[in-house]
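Worksheet: one structure, shown below.
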């Protein structure tokens, strides 16, 4: 009985939290989407691949689900603003990928250099 009450209370808490985090107006959507992308852009170079996966899920929610929900209420100017926000997110993601690509390339060159040095040492010895 006590376990059922705890399960019910936990479920109720989760439902309340989920509903309170939901975006209910077009203006909230625009504000929160822009804020999400601004924060992402500021920290883009610090995020790990797993963090980017999580961010991509949030981005999909904003750019697909919420967009569909409020599309009929959006003016042309607001739709253009959303496109600009999307471009900013994708630019931040590309910037981070380029940084990681250069980091991976540098590591590969260093590893190759170490292997060449080891091979030369083996030949000389």
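Residue numbers (my numbering): 149 to 273.
Just so it is clear, CB atoms sit at the ideal spot from N, CA and C, and this is done for glycine as well.
The beta carbon of residue 257 sits closer than 6 Å to none of the beta carbons in its chain outside the five residues before and after it.
Note on geometry: alpha-carbon atoms of residue 230 and residue 250 lie some 30 Å from one another. Take residue 241, set aside five residues on each side of it, and no residue of its chain has a beta-carbon closer than 6 Å to its own. Residue 173 sits in coil when the DSSP states are folded into three classes, being neither helix nor strand. Contact check between the region 187-202 and the region 212-227: fewer than three CB pairs, one atom from each, fall below 8 Å, which does not count as touching.
Between residue 233 and residue 182, the CB-CB gap stays under 8 Å.
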